[in-house]
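What follows is one structure encoded as structure tokens, with my remarks underneath.
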Amino acid sequence: MNNLFKKKFFLILIQFFTLISFLFLIYISIGITTKDPAFAKILRNTNLANLIVWSYWWPMIIAISILFGRFWCSICPMELVVFIGSKIGFKRKANKFLKSHWLITLFYFLILIVGIHTFQIHRIPQLMAIYLIFLFIFAFVSSLIWEKRTFCTYICPVGHLLGFYSLISFKKLSVKDKNICENCKSKDCINKENYYKFNGRSCTSEIYPEKIKNGRNCILCGQCHKSCKKDNIVIKNKNLSNYSFSNIKLKWSEISFFIMLSGFVIYEVLTVWKPSKKILMIIPNYLNNYLNLDKNLFGTLKAMVLFIIIPLIFYIIFVFLKKFVAKEENWKKAFSQLVIAILPITAGMHLLKAILKTTSRIPYWEFVFSDIEGVKTAGLIIENQKFLNKEILSTIFPYINFFSILLIISSLFLSLIIVRKQKHKNKLSKIFTIIAVLIYFSVFFISLIIW
Ligand code: SF4
Ligand code: SF4
Ligand code: SF4
0 MNNLFKKKFF
10 LILIQFFTLI
20 SFLFLIYISI
30 GITTKDPAFA
40 KILRNTNLAN
50 LIVWSYWWPM
60 IIAISILFGR
70 FWCSICPMEL
80 VVFIGSKIGF
90 KRKANKFLKS
100 HWLITLFYFL
110 ILIVGIHTFQ
120 IHRIPQLMAI
130 YLIFLFIFAF
140 VSSLIWEKRT
150 FCTYICPVGH
160 LLGFYSLISF
170 KKLSVKDKNI
180 CENCKSKDCI
190 NKENYYKFNG
200 RSCTSEIYPE
210 KIKNGRNCIL
220 CGQCHKSCKK
230 DNIVIKNKNL
240 SNYSFSNIKL
250 KWSEISFFIM
260 LSGFVIYEVL
270 TVWKPSKKIL
280 MIIPNYLNNY
290 LNLDKNLFGT
300 LKAMVLFIII
310 PLIFYIIFVF
320 LKKFVAKEEN
330 WKKAFSQLVI
340 AILPITAGMH
350 LLKAILKTTS
360 RIPYWEFVFS
370 DIEGVKTAGL
380 IIENQKFLNK
390 EILSTIFPYI
400 NFFSILLIIS
410 SLFLSLIIVR
420 KQKHKNKLSK
430 IFTIIAVLIY
440 FSVFFISLII
450 W
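Take 0 as the starting number for the sequence shown in numbering that gives the first Met the number 0 and just add one per residue.
Okay, here's the thing in structure tokens:
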């Protein structure tokens, strides 16, 4: 991996390839739409672009970031667009608001609650194409305004999400020998003169490789590999047991981002099975009995309740206990401790959802290449003239069931190790964090066991 990262054109060529692939996916999905929600449910799996983006690309980048770190960012076409824009643009410095990361959280809110759960951009190919075009334009325009990699560092919610998960991944970028850095005069990895080089750029993500701690903000672009003439940069294994989780300081915007994320992951996993979905939907359905909203607005209401209100109540209860009963001195610290403790379970269950999604879509591959737009196939499936061969799923699923139990138990194990390593004010504060972790774990564990 390190040798490949040092090669001059390796990552850039892959970035070009992914850029062309995304343009192709946009091209084959832009004209395909429907107003029928039942049809959209099938079409999302029969349209090649939709199938790739939501059932393979997205789950795969989540899985890779949890296991190995932000390797998607290494080949992300958006970064290429951002580089070109920032090279020719106005190069303004990021302002206070951008640096607060609130724009990332807002962007995530808009994609998740408005885009996906209100307008169903994940089910209608045309909306997905518009979303991707919007992302490319937004990335380019923002990079024309702001210097360096401002879009990646302060705007992109995808990178932010992958950054959270990369905290528990097995790989990170580091320097081989800190002494070499201390004696290095040119400091090419952070030298301003290298910011806009096509190859061998200095870090435009505000990172000094020598001081890198957890690698959350490093997008593994490999540029510092090439800029360091002393060959002192390396991607290496991370030893999680040596890793201190006590000094991770989160901003309020990041805490809010994670609260939404944890609600979303509960929703994603529990809606796989009808009984747990029924229980999860009790409150949104109850509220909708009074409000009588249309389908789109009901999606907004459901997302607001399940991704914001309920998770927020959960976190607030435990932060109150930590603050007022255990006398933890700082609100932000109390929230951060809970977030970091719950992170492995959230990541583990997001990984499970990624596996469930990619495997459950296997039967659709039989049809997608003969009808890449997927409209005809979706129609035939609805009319029962085409049948999905689910044999392979019945072979795979027992293994997945077994794996899911292993995954949730190992995620709990990692969460408890983190709690042990965190510096709590006292035992009581630690106990409240453990109880929060166990409750969060039980929500998934009970559903998985019943399943
Ligand atoms: S931060 Fe976002 S735009 Fe930047 S490389 Fe990562 S995914 Fe792509
Ligand atoms: S990483 Fe390389 S270029 Fe950067 S300070 Fe260390 S030795 Fe110098
Ligand atoms: S430290 Fe900076 S230049 Fe090096 S890989 Fe990470 S983001 Fe890229």
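Note that CB positions come from ideal geometry on N, CA and C, so glycine has one too.
**OP:** Please determine if the stretch 37–46 and the stretch 16–24 are in contact, where contact requires at least 3 C-beta pairs separated by less than 8 Å.
**Re:** no
Check: Relative to ligand 2, is the shortest distance from any of its heavy atoms to the C-beta of D187 smaller than 6 Å?
Finding: Yes, since a heavy atom of ligand 2 falls inside the 6 Å radius drawn around the Cβ of D187.
**OP:** Say yes only if the C-beta of L3 is nearer than 6 Å to one or more non-hydrogen atoms of ligand 3, and no if none qualify.
**Re:** no
- request: Check whether the Cβ atoms of T45 and T376 lie closer than 7 Å to each other.
  value: yes
*asked:* Quick test of the definition: if touching needs 3 or more C-beta pairs under 8 Å, does the stretch 359–366 touch the stretch 322–334?
replied: No: fewer than three Cβ pairs fall under 8 Å.
In angstroms with no decimal places, state the Cα-to-Cα distance between S173 and L406. 28 Å
- Please classify G114: is it buried, with 16 or more other beta-carbons within 10 angstroms of its beta-carbon, or exposed? Classification for G114: buried.
- Message: With the cut-off set at 7 Å, would you say V81 and S28 are in Cβ contact?
- Response: no
Q) Which stretch, first to last residue, makes up the beta strand (DSSP E) that contains I120? A) No residue range can be given for I120, since it is assigned to no beta strand (DSSP E) and is classified by DSSP as neither H nor E.
Test item: CB-CB of S168 and L66 under 7 Å = yes
Can you determine whether any heavy atom of ligand 2 sits closer than 6 Å to the C-beta of N198, and answer yes or no? Flag unset: Cβ of N198 not near ligand 2.
Checklist entry - Bridge partners of L172, per DSSP? => result I234
- Message: Are the CB atoms of L161 and S64 within a distance shorter than 7 Å?
- Response: For the pair S64 and L161, the CB atoms are nearer than the 7 Å cut-off.
*Please report the Cβ distance between A48 and P124, rounded to the nearest whole angstrom; I am assuming they are in contact, meaning their Cβ atoms lie under 8 Å.*
6 Å
Run through the stretch 137–161 for me and flag every whole alpha helix (DSSP H) of 4 or more residues, listed as ranges in chain order. none
CA-CA distance, F257 and F106?
-> Each residue's Cα considered, the two are about 13 Å apart.
Judging by CA-CA distance, which residue of Q336, I445 and I112 is the nearest neighbour of V418? Q336
Restricting to Cα atoms, I'd like to know which of K273, Y164, L3 and I120 is closest to R43.
I120
- Message: Here's the rule: buried if 16 or more other CB atoms are within 10 angstroms of the residue's CB, otherwise exposed. What is S255?
- Response: buried
At a cut-off of 6 Å, would you count V157 as near ligand 1, judging by its Cβ distance to the nearest heavy atom? yes
Note to self: I need the residues with a C-beta less than 6 Å from some heavy atom of ligand 3; please give them in chain order.
What the structure shows: So the residues near ligand 3 by this Cβ test are L172, C202, S204, I206, P208, C217, I218, L219, C220, G221, Q222 and C223.
Note to self: Given this structure, state the Cα-to-Cα distance separating N383 from P397, to the nearest angstrom.
What the structure shows: 27 Å
Entirely enclosed beta strand (DSSP E) segments - the stretch 246–299, minimum 3 residues: Entirely contained in the stretch 246–299, not one beta strand (DSSP E) run reaches 3 residues.
- Could you pull the start and end residues of the alpha helix (DSSP H) that W364 belongs to? W364 -> alpha helix (DSSP H) spans W364 to V367.
Can N193 and S204 be called in contact, C-beta distance under 7 Å? no
**Request:** Check each candidate in D35, L79, G84 and I154 and name the one with the smallest Cα separation from N94.
**Result:** I154
- Message: I'd like to confirm something about K389: is its beta-carbon nearer than 6 Å to some heavy atom of ligand 2, or not?
- Response: no
Can you find the residues in the same chain that come closer than 7 Å, C-beta to C-beta, to I132, ignoring five residues on each side of it along the sequence? I25
* Asked: CB of V174 to nearest heavy atom of ligand 2: below 6 Å?
  -> yes
Exercise for the section: Could you check how far apart the C-beta atoms of G158 and C72 are, in whole angstroms? I think they sit under 8 Å. Expected result: 6 Å
Check: I31 and I74: beta carbons closer than 7 Å?
Finding: no
Notebook entry, point to check: Would you report the Cα separation of N231 and E181, rounded to the nearest angstrom?
Noted result: 12 Å
For ligand 1, is there a heavy atom less than 6 Å away from the beta-carbon of E146? no
Sub-7 Å separation of S446 and S275 beta-carbons = yes
(Q) Our contact map puts D187 next to K228 with C-beta atoms below 8 Å; I'd like the distance itself, whole angstroms only. (A) 6 Å
Between K229 and ligand 2, is there a pair consisting of the residue's CB and a ligand heavy atom that are separated by less than 6 Å?
The answer is yes for K229.
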